[in-house]
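What follows is a set of notes on a single structure, which appears directly below.
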Amino acid sequence: MSRKIDRYLQFPFSLDMAPYLSSSILRSRYGNRIFPFDGDEQDASGEFSSQFELFAVITHSGKLDAGHYVTYLRLSNQWYKCDDAWITQVNDDIVRAAQGYMMFYVQKMLYYRASESTVAT
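Given below as structure tokens:
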């Protein structure tokens, strides 16, 4: 029978995915001897950001086949705990201490652009 793994996983609030992009991997292997790929021009111009920010964490308490989910969500740089009908503000330390089941990241440039547009309207 399957069982739930109940270990704490430390997760970063920021991720830099640049080392995992195909153009970065090929450059590290072959240097500048390769021809640029279609996406490389976008990387060089700074339009593409390899930086990602944590914006949601889902936790699960209980057994594998039953339990309760809680979501921590970041909106406008404030964290909220969403627990059924109750939504409360929490700080970063509470989110860091959460036993994350799923983490969601958003591209940093896109997140800040979206935040700016909601503030402007």
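Per full-length UniProt numbering, the sequence shown starts with residue 1, numbered consecutively. Virtual Cβ for every residue (Gly too), placed ideally from N, Cα, C.
| field | Neighbour-count burial assignment, Leu9, 16 or more Cβ in a 10 Å radius | value | exposed
| Measuring CB to CB, does Phe13 end up less than 8 Å from Ala56? | Not closer than 8 Å, so no.
| Where do the N-terminal and C-terminal ends of the alpha helix (DSSP H) with Ile94 fall, by residue? | 92-97
| field | DSSP state of Met103 mapped onto helix, strand, coil | value | Correct three-state label for Met103: strand.
| task | Go ahead and label Trp86 buried or exposed: buried means 16 or more other beta carbons lie within 10 angstroms of its beta carbon, across all protein chains shown. | result | exposed
| task | Could you check what DSSP says for Tyr72 in three-state terms: helix, strand or coil? | result | strand
| task | Please report the residue range of the beta strand (DSSP E) in which Tyr80 lies. | result | Boundaries of the beta strand (DSSP E) harbouring Tyr80: 78-83, taken from the DSSP string.
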